[in-house]
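First residue of the sequence shown? That's 5 in this note's numbering, and the numbers climb one at a time after it.
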Amino acid sequence: FAPCIGRLSGRPASADAVGMTPTASQLEQGQHLAFLLGAFRSGTTLVRKMLDSHPLVHSPAETWFLLPLVNLWEGVGTCPRYNPAQAAAALKNHLSQAGFVECCRAFAGRFYHQTLPAGKEVYVDKTPMYLNIAGALPTMFPAARFIVLARDPRGILWSRHTWRHADASSIASRIKGVAGDVRRLAGFVGAHRDRTVLIRYEDVCVNPERSMRAVCAHIGVAFDPCMIEYGRTDHHEGYGDENTRAHERPHAHSVARWGPELTPQVERELMDLCTSEALAVLGYGAQAQAAA
Numbered sequence: 005f006a007p008c009i010g011r012l013s014g015r016p017a018s019a020d021a022v023g024m025t026p027t028a029s030q031l032e033q034g035q036h037l038a039f040l041l042g043a044f045r046s047g048t049t050l051v052r053k054m055l056d057s058h059p060l061v062h063s064p065a066e067t068w069f070l071l072p073l074v075n076l077w078e079g080v081g082t083c084p085r086y087n088p089a090q091a092a093a094a095l096k097n098h099l100s101q102a103g104f105v106e107c108c109r110a111f112a113g114r115f116y117h118q119t120l121p122a123g124k125e126v127y128v129d130k131t132p133m134y135l136n137i138a139g140a141l142p143t144m145f146p147a148a149r150f151i152v153l154a155r156d157p158r159g160i161l162w163s164r165h166t167w168r169h170a171d172a173s174s175i176a177s178r179i180k181g182v183a184g185d186v187r188r189l190a191g192f193v194g195a196h197r198d199r200t201v202l203i204r205y206e207d208v209c210v211n212p213e214r215s216m217r218a219v220c221a222h223i224g225v226a227f228d229p230c231m232i233e234y235g236r237t238d239h240h241e242g243y244g245d246e247n248t249r250a251h252e253r254p255h256a257h258s259v260a261r262w263g264p265e266l267t268p269q270v271e272r273e274l275m276d277l278c279t280s281e282a283l284a285v286l287g288y289g290a291q292a293q294a295a296a
């Protein structure tokens, strides 16, 4: 999904932009809208529930709707009812790519507006699969802000391997997927630093207030202490990590915790595929050097 219009510099959701319920038109441009980007099993559900505990922020379970929406233009994959590639070709007979982006914006704006509860002023969409279309988001939503959550790749790999819904694949077979996500995340940060705040899972667990203050400043709301005690707030539930339901606040028990299956050989291969450049961008340069 190549950018089809000139990249516009979006304003932060600053104090003068917050204070009223956003309209669908504002949301479709990305005003009052932020995306939480992170690899699958990197702690995004924890962060979204902390954000959702803020009285002015709505961060529900994963939305997913942008994936099929963008694929209307890309036309990849299969579907039992129709050929996606043929449907995309038909669509392109009617719309330019710029026109299609406008249509996507209109739908997204209505979606976010319809699902934003009364009293909430900032919508934070947390859908890990959106990392696969992250390059399109700054163009589609020119005023949106981005929160990037990084995690030590070894922690991501171990979490994917031990997840209760995981298949029986070996830990080594999961390396490529983790490394690809790490590189995509670092690439996004490098390309959109002016619209992105980078936080790390380990910091969220050890010093959650500092991480949340950085995020709040970026999206234009004042820090609220209730964000730390996220378990005391009722949250919209759907796709996401069930483990967050067992705790009321972040904890450090899952930081730097992995088992013997993550051998030195697996660790070296993982870090090599992530690349030292990507790890340095995300703040894990020292870990990459230690594994070399």
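Glycine included, each C-beta is placed from N, C-alpha and C at the ideal position.
Model, not experiment: these values are computed from the prediction.
Judged by DSSP in its simplified three-state form, L283 adopts helix. Y86 carries a coil assignment under DSSP once its states are collapsed to helix, strand and coil. Counting along the chain, the unbroken beta strand (DSSP E) around F150 starts and ends at R149 to A154.
If you compare the alpha carbons of A218, A140 and C83 with that of C108, the shortest gap goes to A140. Burial is judged here by how many other beta carbons sit within 10 angstroms of a residue's own beta carbon; M216 has at least 16 and is buried. The beta carbon of C278 lies closer than 6 angstroms to those of P157, A183 and V186 in the same chain, with the five residues before and after it left out. Taking the Cα of A65 as reference, the smallest distance to any Cα among T131, S46 and Q118 is reached at T131. By the Cβ criterion, the region 46 to 56 is in contact with the region 224 to 239, since at least three pairs of Cβ atoms, one from each stretch, lie closer than 8 angstroms. Taking a cut-off of 8 angstroms for Cβ pairs, the region 196 to 208 and the region 140 to 156 touch, as three or more such pairs fall below it. The region 161 to 172 and the region 36 to 53 touch, with no fewer than 3 CB-CB distances between them shorter than 8 angstroms. Every unbroken stretch of the beta strand (DSSP E) spanning 3 or more residues and falling wholly within the region 136 to 217 is given here in chain order: 149 to 154 and 200 to 204.
Spatial neighbours of I160 in its own chain (CB-CB distance under 6 angstroms, excluding positions within 5 residues in sequence) are listed in chain order as A43, R45, S46 and V182. According to DSSP, residue pairing for L37 in a beta bridge involves Y127.
Taking every protein chain shown into account, the CB of V80 has fewer than 16 other CB atoms within 10 angstroms, so this residue is exposed. Within the DSSP secondary-structure output, G42 pairs in a beta bridge with L153.
Distance from the CA atom of L60 to the CA atom of A226, rounded to whole angstroms, is 9 angstroms. Between the beta-carbon of I137 and that of V74 there is about 5 angstroms, and that keeps the pair under the 8 angstroms contact cut.
In this structure, G113 and A28 form a Cβ contact; the two beta carbons are roughly 4 angstroms apart against a cut-off of 8 angstroms.
For V61, the pairing in a beta bridge is given by DSSP as V126. In the structure shown, the three-state DSSP call for E273 is helix. P121 places its beta carbon less than 7 angstroms from that of H62. Put simply, the backbone Cα of C220 is about 11 angstroms away from that of V126. For A218 and H98, the gap between their C-alpha atoms comes out near 44 angstroms.
In the three-state reduction of the DSSP assignment, M231 falls in the helix class. Beyond the five residues adjoining it in sequence on each side, F192 comes within less than 6 angstroms, by CB distance, of A138 in the same chain, given in chain order.
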